[in-house]
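Below is one structure, written out as structure tokens; comments come after it.
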Amino acid sequence: MQALIIAAGRGSRMRQRFSPKPLITIFGLRLIERIILRAKSAGIKDFKIVVGYKAKKIIETIGNGEKYGVHIEYIYNHEWEKGNGVSVYKAKDFLDNQFLLLMSDHLFDDSILKKLKEVKLKNNHCVLCVDRNLKGERFNLEDVTKVWMDNNKVKTIGKEIGKFNAVDTGIFMCTHAIFDALEKSIAKGDYSLSAGNQILSDEGKLETLDITGYFWVDVDDEAALKKAKYVLLQHLNKSTDGPISRNLNRKLSIRISSRLTKYAITPNQLTLFSFALALLSALFFYLGKHYSMIVLGGVMAQLSSIFDGCDGEIARLKFASSRFGQWLDRILDRYADGFILLGMTHAAWLSLSAKFVWVIGFTALIGSFMNSYTAIQYDELLSKKLLSARGLRVGRDARLFIVFMGALFNQLLPALLLLAILTNFESLRRVWVLRYAYQSSRGN
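So for the sequence shown, my numbering puts the first residue at 3; every next one is plus one.
Given below as structure tokens:
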């Protein structure tokens, strides 16, 4: 399937900050790059981009799409000052009968496009994604295009309509019917896309897809840009985050990641950095004859835990996720856990000189590994909402925080004992829960 992106306008509200607007950078990627890569995640690889204002700069920056793994063809609109309806109309001879229509300044989640692609379009009909949340959390209500809809069909659309029950998200599935409607509106002297959509609506050809609750944001001005950055960062929180990650680690790691996006740092480099901090933690613990070394070991463990969130955040912010990166992160986390617990056990043994310390340390190590192993299946069911998220989640964030607190209060043996009990109990609890979850999913 093809996608048409409109990037011809001046974007006058943002012009003093950066021009043209599609090339504004947010966390290491330009606006239009985010649109392209998000659409690519939904399986779109053929793009037509309508350019006008500062077209040369956009074309030189984005190129033919090879660096994104897609194909890009540019359409120049020399009448770009007239309105976005003209820009869409200029693409008439370049598109198949069914295509996606996207704005270069509307960010969204790829799940919207996946949902939109599943819609079965009636002949000569178009579909507009609408949001029924009118609180204005992701757009300027005074400037956004408003929609009055009834029975999933648009009745009235425009920025100035008085009665509305949804807003236009700027995400469409179109047929060539949009060009026929735009031709009529342009002939009347109205060059906006909304005018063409109103004609489609009058003909009963503009349907809606409700995406209320899905992530999207309109980057229209300075305030919207700040809002977009905030929403993107909040979107990094994961439903599978444990209590320490949710309330402490993630708040710190997101701030770090948002700054690191300015630099050419890869997720895998951050994974290795987090692992290096874990090795330092293990070394300080292993040499822990003095309290200062033990505290350093705990601090390094907690820092490693915080930076362990940065690799995934950078990957999501810059569309740099890879299966190898995920696998490398899991492998190095297991090595890191093993080295840290070995160092802790050695430090506790140096203090107590008792053999049972090694038994407790080994039990904590086995529990930690089993805790990580069972988390893969457990989190998968959590993400699919086949399990309840209620209760305390004992994950890696909680384990390393216990290590940190044990070092801070110089209570390594109690910390190891707590880890041994909690991790093994949690692993057994997950086995019990997963057993019934799998049975329920199979209808047993």
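Virtual Cβ for every residue (Gly too), placed ideally from N, Cα, C.
Distance check for residue j and residue i, CA to CA, integer angstroms please.
| i | j | result |
| --- | --- | --- |
| residue 104 | residue 238 | 23 Å |
| residue 110 | residue 40 | 8 Å |
| residue 156 | residue 67 | 35 Å |
| residue 11 | residue 28 | 19 Å |
| residue 403 | residue 246 | 7 Å |
| residue 184 | residue 168 | 22 Å |
| residue 224 | residue 52 | 24 Å |
| residue 186 | residue 309 | 56 Å |
| residue 77 | residue 117 | 27 Å |
| residue 241 | residue 191 | 50 Å |
| residue 97 | residue 319 | 30 Å |
| residue 60 | residue 75 | 12 Å |
| residue 272 | residue 181 | 48 Å |
| residue 323 | residue 269 | 8 Å |
| residue 165 | residue 30 | 39 Å |
| residue 372 | residue 428 | 9 Å |
| residue 94 | residue 146 | 25 Å |
| residue 344 | residue 377 | 22 Å |
| residue 359 | residue 275 | 30 Å |
| residue 42 | residue 170 | 22 Å |
| residue 221 | residue 229 | 8 Å |
| residue 177 | residue 100 | 5 Å |
| residue 1 | residue 58 | The question about residue 1 has no answer here: the residues shown for the chain are numbered 3 through 446. |
| residue 203 | residue 161 | 15 Å |
| residue 253 | residue 332 | 22 Å |
| residue 255 | residue 22 | 31 Å |
| residue 380 | residue 432 | 7 Å |
| residue 265 | residue 106 | 24 Å |
In three-state terms, what does DSSP make of residue i?
| i | result |
| --- | --- |
| residue 101 | strand |
| residue 9 | strand |
| residue 78 | strand |
| residue 446 | With a pLDDT of only 47 at residue 446, under 50, the local geometry of the prediction cannot be trusted, and the value read off the model is given with reservation. Coil at residue 446, not helix or strand. |
| residue 87 | helix |
| residue 200 | helix |
| residue 4 | strand |
| residue 223 | coil |
| residue 411 | coil |
| residue 289 | coil |
| residue 470 | What is shown of the chain runs 3 to 446, which leaves residue 470 out entirely. |
| residue 452 | Because the chain here runs from 3 to 446, residue 452 falls outside it and cannot be looked at. |
| residue 308 | helix |
| residue 333 | helix |
| residue 155 | strand |
| residue 28 | strand |
Per DSSP, what are the beta-bridge partners of residue i in this structure?
| i | result |
| --- | --- |
| residue 344 | According to DSSP, residue 344 bridges with nothing at all. |
| residue 160 | 148 |
| residue 210 | 130 |
| residue 321 | In the DSSP output, where bridge partners are listed per residue, residue 321 has none listed. |
| residue 170 | 132 |
| residue 50 | 6, 75 |
Which residue wins for smallest C-alpha separation from residue i, given the options the options?
| i | options | result |
| --- | --- | --- |
| residue 213 | 235, 195, 172, 182 | 172 |
| residue 424 | 362, 381, 378 | 362 |
| residue 144 | 115, 226, 116, 181 | 226 |
| residue 374 | 355, 353, 396 | 396 |
| residue 417 | 44, 71, 381, 367 | 367 |
| residue 283 | 342, 253, 191, 23 | 342 |
| residue 400 | 298, 350, 243 | 243 |
| residue 365 | 291, 163, 421 | 421 |
| residue 295 | 276, 266, 353, 119 | 353 |
| residue 199 | 217, 150, 216 | 150 |
| residue 69 | 81, 90, 35, 87 | 35 |
| residue 56 | 377, 83, 210, 288 | 83 |
| residue 158 | 178, 130, 379 | 130 |
| residue 426 | 195, 370, 100 | 370 |
| residue 137 | 336, 208, 123, 215 | 215 |
| residue 46 | 127, 24, 5 | 5 |
| residue 63 | 86, 88, 87, 33 | 33 |
| residue 251 | 203, 127, 398, 328 | 398 |
| residue 50 | 347, 22, 21, 89 | 89 |
| residue 277 | 264, 337, 113 | 337 |
To which residues of the same chain is residue i closer than 8 Å at the C-beta, ignoring the five residues directly before and after it?
| i | result |
| --- | --- |
| residue 293 | 412 |
| residue 446 | At residue 446, the pLDDT of 47 sits below 50, so the modelled position is not reliable; the number obtained from the coordinates is stated separately. Around residue 446: no qualifying Cβ. |
Looking at residue i and the ligand NAD, is the gap between the Cβ and the nearest heavy atom below 7 Å?
| i | result |
| --- | --- |
| residue 147 | In terms of ligand content, the structure shown is empty, and the ligand NAD therefore cannot be addressed. |
Residues in the same chain with beta-carbon distance under 6 Å from residue i, minus the five sequence neighbours each way, listed in chain order, please.
| i | result |
| --- | --- |
| residue 259 | 312, 315, 316 |
| residue 54 | 10, 79, 82 |
| residue 233 | 219 |
| residue 48 | 4, 73 |
| residue 339 | 370 |
For residue i, collect the residues of the same chain with a Cβ closer than 7 Å to its Cβ; drop the 5 residues on either side in sequence, then sort them by chain order.
| i | result |
| --- | --- |
| residue 2 | With the chain running from 3 to 446 in the structure shown, residue 2 is simply not present. |
| residue 290 | 296, 299, 349, 352 |
| residue 197 | 87, 187 |
Counting only beta-carbon separations shorter than 8 Å, does residue i have a partner in chain D?
| i | result |
| --- | --- |
| residue 163 | The chain inventory of the structure shown lacks chain D, comprising one protein chain alone. |
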